[in-house]
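All residue numbers for the sequence shown refer to this note's numbering, where the first residue is 230 and numbers rise by one.
Comments concern the structure below.
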Amino acid sequence: MGQKDDHYEKDELDNVLLHEINHVLDQATLKKKLMRTISILLFNFLKVIHLYNVNRDWIANSLFCYSLFITVYYLLNLIEHFILQKKELESDSYSAIHGNSQDMINWLLKYSLKKNIPLFHTYIFNLTYYQHPSVENRIHRLKYEEFFDKNILH
230 MGQKDDHYEK
240 DELDNVLLHE
250 INHVLDQATL
260 KKKLMRTISI
270 LLFNFLKVIH
280 LYNVNRDWIA
290 NSLFCYSLFI
300 TVYYLLNLIE
310 HFILQKKELE
320 SDSYSAIHGN
330 SQDMINWLLK
340 YSLKKNIPLF
350 HTYIFNLTYY
360 QHPSVENRIH
370 RLKYEEFFDK
380 NILH
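See the structure below:
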C-alpha cells in the first residue's frame with residue numbers, strides 16, 4: 230500500500246477501465262456463470278440417462294461416466310474459452326474506439342512483463358489453457374482498430 234503501481238499512466242488505466250466497462254455492459258460475468266451452469270446440467274443429464282438406460286455393473290458405469298465427464302468438460306471448456314477470448318477482443322475494441330489503443334497496448338505490455346505473462350502462444354495452446362487471447366493477438370487487433378479508426382472512419 231502507498232506505493233505507485235509500477236508506473237502505469239493515467240491514460241493507460243483509463244483505457245483498462247473502458248475495457249472493463251464493456252465487460253459490465255456485455256454482462257460477461259453473468260454469461261460465463263450461465264455457460265458453467267449449463268455444462269454442469271448437461272453432464273448430469275447425460276449421466277442420469279446413461280445410468281437408467283444401461284444394465285452394466287457399477288464399475289463399468291463409473292468408468293463410462295468418468296470418461297463422459299472428461300470428454301464433455303474438455304469440449305465445453307474449449308467452447309467457453311473461445312467465447313471468452315472473443316469477448317476480451319470485443320472489450321479491447323471498445324477500449325480502442327472510446328479511448329486510445331496505444332495506451333491499451335502500453336498497459337498490456339507493462340502488465341504482461343510485470344506478471345510474467347508470455348507474449349506469444351499458439352492458438353490451440355491458448356484456447357486450451359487461457360480465457361484471454363495472447364498478448365500478441367490483442368496488440369495486433371488493437372493496432373488494426375487504430376488503423377481502421379484513423380484511415381477508414383475519418
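Quick reminder that beta carbons are idealized off the backbone N, C-alpha and C, glycines included.
Between the Cα of residue i and the Cα atoms of the options, which residue gives the shortest distance?
i	options	result
S268	I250, L304, K372	L304
P362	D332, S341, E375	S341
Y352	E365, L338, D332	E365
D240	A257, K260, R367, Q331	Q331
L246	D321, N306, I278	D321
K261	K343, F349, L292, N306	N306
Hey, could you find the ends of the alpha helix (DSSP H) residue i is sitting in?
i	result
N335	330-343
E374	364-377
F354	352-358
L242	239-255
Please report the distance separating the alpha-carbon of residue i from that of residue j.
i	j	result
L336	V253	Per the sequence presented here, residue 336 reads as Trp, with Leu not at that position. For W336 and V253, the distance between alpha carbons rounds to 20 Å.
N369	L318	The sequence shown places His at residue 369, rather than the Asn named in the question. Between H369 and L318, the C-alpha separation is close to 10 Å.
I288	R265	28 Å
I299	K339	37 Å
I346	N290	41 Å
G231	E238	For G231, the pLDDT reaches just 44, beneath the cut-off of 50, and the residue's location in the model is therefore unreliable, leaving the point undetermined.
M294	I278	According to the sequence as given, residue 294 is Cys; it is not Met. Their backbone Cα atoms lie some 11 Å apart in a straight line.
K343	T258	25 Å
D286	L263	34 Å
Throw me the rounded Cβ distance for the residue i and residue j pair, which I believe falls under 8 Å.
i	j	result
V301	F274	Not really, about 10 Å apart at Cβ, beyond 8 Å.
N329	N244	6 Å
D255	K315	Not a contact, Cβ separation roughly 11 Å.
H236	M333	Contact doesn't hold; Cβ gap of about 16 Å is too wide.
K276	L297	7 Å
- Item | Cβ pair count under 8 Å reaching 3, the region 319-336 against the region 366-373 | yes
- Message: When you compare the region 310-317 with the region 350-367, are there three or more beta-carbon pairs, one atom per stretch, that lie closer than 8 Å?
- Response: yes
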